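Reviewing the structure listed below.
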Amino acid sequence: MAHNTFINKKLVFNKVYEQNWKALYVFAFNILRDKQSAEDIIQEIFIDFWLRMNETDIQNFTAYL
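If you read the sequence shown in my numbering, its first letter stands for residue 1, the second for the next number, and so on.
Now the structure itself:
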């Protein structure tokens with residue numbers, strides 16, 4: 001059962017990542033005007049999202065991110 005939970009978590013994460021990473025990157029880059037900093041921040045956002053996915057009842061992933 002734990003294996004299936006991990007697979008489901010990974011599928012959800014991948015879908016949310018694919019649907020949101022570009023908009024988040026553009027948003028961060030427009031503020032920071034630095035490619036590396038924007039990439040680093042987006043990476044940190046998705047690491048935090050991965051860690052909190054099972055703890056948080058997220059209704060709107062885009063708004064949460």
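Don't be surprised by glycine CBs; every beta carbon is placed ideally from N, CA and C. The structure presented is a predicted model; accordingly, all values stated were derived computationally and were not measured.
Nearest-angstrom Cα separation, counted from residue j out to residue i
i: residue 10; j: residue 57; result: 16 Å
Residue i, DSSP secondary structure in three states
i: residue 69; result: What the structure shows of the chain is the stretch from 1 to 65, and residue 69 is not part of that stretch, so it cannot be assessed.
i: residue 48; result: helix
i: residue 4; result: helix
i: residue 62; result: helix
Option in the options with minimal Cα separation from residue i
i: residue 21; options: 32, 55, 59, 38; result: 38
i: residue 46; options: 62, 8, 32; result: 62
Buried or exposed (CB count within 10 angstroms, at least 16 for buried), residue i
i: residue 42; result: buried
i: residue 2; result: exposed
i: residue 51; result: exposed
i: residue 16; result: buried
i: residue 28; result: buried
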